[in-house]
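Asker: Protein chains in written order, with my numbering: chain A, 1 to 289; chain B, 1 to 351; chain C, 1 to 484. Glycine is no exception: its CB is placed at the ideal position from the N, C-alpha and C atoms.
(1) For residue 253 of chain A, which three-state DSSP category applies?
(2) If we require 3 or more residues per run, which beta strand (DSSP E) segments fall completely within the segment 21 to 62 of chain C?
(3) If you drop the 5 nearest sequence neighbours on each side, which residues of the same chain put their C-beta closer than 6 Å to that of residue 87 of chain C?
(4) In terms of DSSP beta bridges, what is residue 183 of chain B paired with?
(5) What is the DSSP secondary structure of residue 326 of chain C, reduced to helix, strand or coil?
(6) Show which residues of chain A have a CB atom less than 8 Å away from the CB atom of residue 57 of chain C.
(7) To the nearest angstrom, how far is the alpha carbon of residue 340 of chain B from that of residue 118 of chain B?
(8) Can you check which of these residues, C:361, C:285, C:152, is closest to residue 315 of chain C by C-alpha distance?
(9) Could you spell out where the alpha helix (DSSP H) holding residue 192 of chain A opens and where it closes?
(10) So residue 63 of chain B contacts chain A; which residues on that side make the cut at Cβ distance below 9 Å?
(11) Which runs of the alpha helix (DSSP H) fall wholly inside the segment 389 to 456 of chain C and span at least 4 residues, in chain order?
(12) When the Cα atoms are used, what is the spatial distance from residue 354 of chain C to residue 378 of chain C?
(13) Just the C-alpha distance for residue 349 of chain B and residue 335 of chain B, rounded to the nearest angstrom, thanks.
(14) Does the beta-carbon distance from residue 123 of chain C to residue 174 of chain C come in below 7 Å?
(15) If you measure from the beta carbon of residue 60 of chain B to each beta carbon in chain A, is any gap under 7 Å?
(16) Which residues in chain C have a C-beta closer than 8 Å to the C-beta of residue 306 of chain B? List them in chain order.
(17) Alpha carbon to alpha carbon, how far is residue 309 of chain B from residue 272 of chain B?
(18) What does the alpha-carbon distance come out to for the pair residue 258 of chain C and residue 461 of chain C?
(19) List the DSSP bridge partners of residue 244 of chain B.
(20) Quick one, are the C-beta atoms of residue 62 of chain A and residue 18 of chain A less than 7 Å apart?
(21) For residue 270 of chain A, which of A:241, A:169, A:6 has the nearest alpha-carbon?
(22) Within 7 Å (strictly less), CB to CB, does residue 141 of chain A reach chain B?
(23) In whole angstroms, what separates the C-alpha of residue 178 of chain B from that of residue 108 of chain B?
(24) Does any residue of chain C bring its CB to less than 7 Å from the CB of residue 30 of chain B?
(25) In this structure, how does DSSP classify residue 92 of chain B when only helix, strand and coil are distinguished?
(26) Name the one or two DSSP bridge partners that residue 129 of chain B has.
(27) So residue 446 of chain C packs on residue 284 of chain A, CB below 8 Å; how close in whole Å?
(28) Considering residue 250 of chain C, what are the terminal residues of the alpha helix (DSSP H) in which it resides?
(29) Just to make sure I have the definition right: I need the residues of chain A whose C-beta is within less than 8 Å of the C-beta of residue 231 of chain B. Which are they?
(30) Compare the C-beta of residue 408 of chain C with all C-beta atoms of chain A and state if any pair is closer than 7 Å.
(31) Please report the residue range of the beta strand (DSSP E) in which residue 294 of chain B lies.
(32) Please look up how many angstroms separate the CB atoms of residue 255 of chain C and residue 278 of chain C, rounded, as I've assumed it's under 8 Å.
(33) Under three-state DSSP, which class holds residue 211 of chain B?
(34) Does the distance from the C-beta atom of residue 306 of chain C to that of residue 298 of chain C stay below 7 Å?
(35) When the cut-off is 7 Å and only beta carbons count, does residue 476 of chain C lie next to chain A?
(36) Classify residue 230 of chain B: buried if its beta carbon has 16 or more other beta carbons within 10 angstroms, exposed otherwise.
Laid out in structure tokens, this is it:
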């Protein structure tokens, strides 16, 4: 017997986030996402290699503007992301609890840490050049300065187990320095990532800076690792076998590769990821009258 | 000639709507004036001259100094060294410019210029004896028919701080006394304050004052005092300004200030002469002066001439050293080459 | 009479080359396991200089074991003690610099003026620079207690044999790693002499091991399971193969690979210095330079003037005996490299570019290629895209700064670039837009141990030199100082 006042909820159709838009997979495929107990949560787009290709095009297109924006501007926008996340805090707690089979309090800790991490990284935007670059005292009459620059388009495999904190921990350090990102969501728990797309879309972040794909990690990662216009790979969400395969493919255009390693996503992240997708540019100029 | 024609066109593109000038003419020759007339538009007024000088390519100081230093690493040995030493000897403007100069001192210097090495009469003679105007007559007499020129500084050397009529009188006096060459100083104050036309007109006036009644003229060397002009951009500009005004030679320094000839400044002047020649066909000489004391130094300058202007400038007609102590070092090195022993200061003459 | 420079040869007698050399493993010279040897020749004369051992995979294993054994004590030494060994090495190199310069010119073919005035001073400076870091690593920005990685397998090229050795060994040792280094097949001698420098410095056995050999030796070294760090300088093709080899391992990898640098000249450039920069950019070391300015991008409005000046300057280049102190351009390093340069230059001509070279007489024996310039080159020509690694300059034109940037960046490489203009704000705008690791503005081909060097894109990753150069040899530590 059901109560008459029980309202039928409105389901959300989860979509990809590519180039600032919310397309379905071009393949028309979806896959079933369940919670830890096997209960159906939603259908997520099952991205294809063509979705990966489109996402790379969007990310490359966004790179010039995003990397050319002032660091202050990037910091402002990323801080805005944190503000938007805070507003949707309850939604993410629920999604993380479902996705990771966690209690509400544990999910809350995850989401709060993720929001705080976003704030932490946002603040790095106009500081990273000062820790990663500087003047070089060369033995001659030259002004010589090294400064970090973003590598380009980073394809990131989000951690499989930490569907939101881990996700944020791979996206934020890459984009804050001016890279653009194609992120492959946790295969079994993609919903927080797809919802993050909705936050990013309302945070002044230019379309294409972050692109979110869901589906089979190995299927999407292969074309990304082989893509000649992808500059770097974050393999956080790959197992050893896949990581080796992808790193091998990445050698074709010498992508910068961050290998998977044991991570405690709740620990202080340090600057490793922040510095992983930077190039150092050194400029010389004579000093004379 | 094909190459020089090409270069003429190149500079014509940049500097002036110039007809091709395939034949080289000396700056002191009759035809030079006609060539300069083709550049008359850039010296038409103060504004045009300023725009032209400031439109010259900039000079990167570090790059220029690096190039001069690299040329300074050339290793000139054996036959090349012998050639260079004798060439340098013939290019010396043997100089005495002291308040204490006397006819006796000048005559002694002239004697040395004619016969530089008392132990070896095959040593070539120097190019000129360089003195103050009041010593010109003495030097002229002492040099007789040796072929050595008398060069006289003039125009209120070294500061040049006198009224134009005084400078012109100074010049005419030296020419009348028999000077073959006049080493004038530019008005550095006027140049540094941007009065380029004044500097230009003054050089022209002095050039006219170099004329002799018989229609010939003393050759005019224009001293920049590069140590006071400070920047290489200024040196390139003043080089062009002086050549446009009719300088036969451009000269670095008076020898009377802290910084005199340096390899980079001289290299830059050689480049200006090269470019001016390419643009007009007029050949102008270069004279670094002050601070060149050793054979090693002198050879570095000759290498710069060789690799910037080439053979046509490797003669006393187009390159000079303003020096005094350099001569003895060249002679000692020359003795070493001929005897295989190192020489000593007692085997060269001190005047 | 003309001012012809008489021959001014540097004396060969300052260097004593033995008829044969073994592998330097664990502080001793020993023949290869299977006794195989190969000859190294002087590229300027094809004279055989010596015979060196061809290391096998067994030898690689022995060398890695020696380095592993030495690592324990070497990494535990206080930084200040490691520093003193490096200072000793730097000093000994300064003392022996004339000998080493002559040796380098003999084995490589480069002019003595360059080995004497560029290579050797930079080699010593590099050891001095990293010596000073050895006891200051806590302050280098890599965490409070950065740790060495272990055994570094290093493979270096033939263009700057001793300098590339210094770039590899100095930071590795300063950070507490031990080394197995393979010099290039055609230029093994200076690395073997460096082994003697290590002996004189009293460096503990096994800290530096030198394996001579060909590509197979290098491949065995980078594939060895007990190597923790791979550093390679060389071609992009081999770099990719190495990246595949180390995929899926824990080996840290840095690669310094090819380039096709644009040297961009604007119409307001300091022309005479730009010409020097172009010449230095492409003819320094016969163009055997990964960061060579092999593409001249000249603004159309100044093209004729610049090319006239450049050709005039090229006519004064002195090509010939590397040991003559007045030689500007020496010998091509090997017959194989000469064949590649010849093939690409011929392709340039075949594809319609106009070839020009100054009249110059090349020696009858040895490997030689005259300084060459191609005009009328477009982005589609092979000589505008492929690294020639020789004294061949491709000239392209542009009209606007944006076009210059677009053309400069239109390459899979990204090692270096040059900008020539007197306008400061344009320099900074250009420097910002160019995707390359080293930007030389109003200069070119300048190197310094304090200045990070390395590429974007397919020019490799990681930086050598400066504080940045330490990173390649340190394990990142987490904020608590624990090794990850």
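Answerer: Reading off the structure:
(1) Translated into positions along the first chain, residue 253 of chain A becomes position 253. If DSSP states are grouped into helix, strand and coil, residue 253 of chain A belongs with the helices.
(2) As far as the segment 21 to 62 of chain C is concerned, its whole beta strand (DSSP E) runs of at least 3 residues are 23 to 25, 28 to 30, 37 to 41, 48 to 53.
(3) On the third chain, residue 87 of chain C is found 87 positions in, with the first residue counted as 1. Apart from sequence neighbours up to five positions away, the residues of its chain that approach residue 87 of chain C with a beta-carbon distance below 6 Å are 131, ordered along the chain.
(4) Here the question's residue 183 of chain B lines up with position 183 in the second chain. DSSP, once it has assigned bridges, lists B:153, B:221 as partnering residue 183 of chain B.
(5) Taking the third chain and counting its residues from 1, the one referred to as residue 326 of chain C is at position 326. Here residue 326 of chain C sits in coil by DSSP.
(6) Position 57 of the third chain, counted from the first residue, corresponds to residue 57 of chain C. The premise fails here: residue 57 of chain C is roughly 22 Å from chain A at the closest Cβ pair, so nothing lies under 8 Å.
(7) Looking up residue 340 of chain B in the second chain gives position 340. Looking up residue 118 of chain B in the second chain gives position 118. Spanning the alpha carbons of residue 340 of chain B and residue 118 of chain B requires a straight line of approximately 18 Å.
(8) Counting from 1 along the third chain, the entry for residue 315 of chain C is found at position 315. Of the residues C:361, C:285, C:152, the one whose Cα lies closest to the Cα of residue 315 of chain C is C:361.
(9) Taking the first residue of the first chain as position 1, residue 192 of chain A is located at position 192. Its alpha helix (DSSP H) spans residues 191 to 201.
(10) To locate residue 63 of chain B, count along the second chain from 1; it is residue 63. Within chain A, the residues near residue 63 of chain B are 286, 288.
(11) The qualifying runs are 401 to 409, 424 to 433.
(12) The count along the third chain starts at 1 and reaches residue 354 of chain C at position 354. The count along the third chain starts at 1 and reaches residue 378 of chain C at position 378. Between the alpha carbons of residue 354 of chain C and residue 378 of chain C lies a gap of roughly 11 Å.
(13) Here residue 349 of chain B refers to the residue found at position 349 when the second chain is read from its first residue. Here residue 335 of chain B refers to the residue found at position 335 when the second chain is read from its first residue. Computed Cα separation, rounded: 13 Å.
(14) Within the third chain, the letter at position 123 stands for residue 123 of chain C. Within the third chain, the letter at position 174 stands for residue 174 of chain C. At the C-beta level, residue 123 of chain C and residue 174 of chain C stay beyond 7 Å of one another.
(15) Working through the second chain from its first residue, we reach residue 60 of chain B at position 60. Chain A contact via Cβ: present.
(16) As a first step, residue 306 of chain B must be located in the second chain, where it is residue number 306. For residue 306 of chain B, the chain C residues whose Cβ falls inside 8 Å of its Cβ are 3, in order along the chain.
(17) Here residue 309 of chain B corresponds to residue number 309 of the second chain, with the count starting at 1. Here residue 272 of chain B corresponds to residue number 272 of the second chain, with the count starting at 1. Cα to Cα, residue 309 of chain B sits roughly 10 Å from residue 272 of chain B.
(18) Position 258 of the third chain, counting from 1, holds the residue named residue 258 of chain C. Position 461 of the third chain, counting from 1, holds the residue named residue 461 of chain C. Residue 258 of chain C and residue 461 of chain C: Cα-Cα distance of roughly 11 Å.
(19) Counting from one through the second chain, the residue named residue 244 of chain B turns up at place 244. The secondary-structure analysis by DSSP pairs residue 244 of chain B with nothing; it has no beta-bridge partner.
(20) The sequence position of residue 62 of chain A within the first chain is 62, counting from 1. The sequence position of residue 18 of chain A within the first chain is 18, counting from 1. By the CB criterion at 7 Å, residue 62 of chain A and residue 18 of chain A fall outside the cutoff.
(21) Indexing the first chain from 1 puts residue 270 of chain A at position 270. The option with the nearest alpha carbon to residue 270 of chain A is A:169.
(22) As a first step, residue 141 of chain A must be located in the first chain, where it is residue number 141. Yes - at least one Cβ of chain B is within 7 Å of the one on residue 141 of chain A.
(23) Start at 1 with the first residue of the second chain, and residue 178 of chain B comes out as number 178. Start at 1 with the first residue of the second chain, and residue 108 of chain B comes out as number 108. Taking the straight line joining both Cα atoms gives about 19 Å.
(24) Numbered from 1 along the second chain, position 30 holds the residue referred to as residue 30 of chain B. Taking Cβ atoms only, chain C never reaches closer than 7 Å to residue 30 of chain B, which makes this a no.
(25) Here residue 92 of chain B corresponds to residue number 92 of the second chain, with the count starting at 1. Under the three-state reduction of DSSP output, residue 92 of chain B falls in the strand class.
(26) Here residue 129 of chain B refers to the residue found at position 129 of the second chain. Bridge partners of residue 129 of chain B: B:94, B:150.
(27) If you number the third chain from 1, residue 446 of chain C lands on position 446. If you number the first chain from 1, residue 284 of chain A lands on position 284. Rounded, the Cβ-Cβ distance is 5 Å, consistent with contact.
(28) Working through the third chain from its first residue, we reach residue 250 of chain C at position 250. Boundaries cannot be given for residue 250 of chain C, as no alpha helix (DSSP H) includes it and DSSP labels it neither H nor E.
(29) Counting from one through the second chain, the residue named residue 231 of chain B turns up at place 231. Listed along chain A are 289, each with a C-beta nearer than 8 Å to that of residue 231 of chain B.
(30) By one-based count along the third chain, residue 408 of chain C stands at place 408. For residue 408 of chain C, the answer is no, since every Cβ of chain A falls outside 7 Å of its Cβ.
(31) As a working mapping, residue 294 of chain B is identified with position 294 in the second chain. Per DSSP, residue 294 of chain B is not a residue of any beta strand (DSSP E), being assigned neither H nor E.
(32) Position 255 of the third chain, counting from 1, holds the residue named residue 255 of chain C. Position 278 of the third chain, counting from 1, holds the residue named residue 278 of chain C. Between residue 255 of chain C and residue 278 of chain C a beta carbon distance of about 28 Å is seen, past the 8 Å cut, so the two are scored as non-contacting.
(33) Walking along the second chain from the start, residue 211 of chain B turns up at place 211. If DSSP states are grouped into helix, strand and coil, residue 211 of chain B belongs with the strands.
(34) Mapped onto the third chain, residue 306 of chain C falls at position 306. Mapped onto the third chain, residue 298 of chain C falls at position 298. Contact: yes.
(35) In the third chain, residue 476 of chain C corresponds to position 476, counting from 1. By this cut-off, residue 476 of chain C is an interface position.
(36) Counting from one through the second chain, the residue named residue 230 of chain B turns up at place 230. Classification for residue 230 of chain B: exposed.
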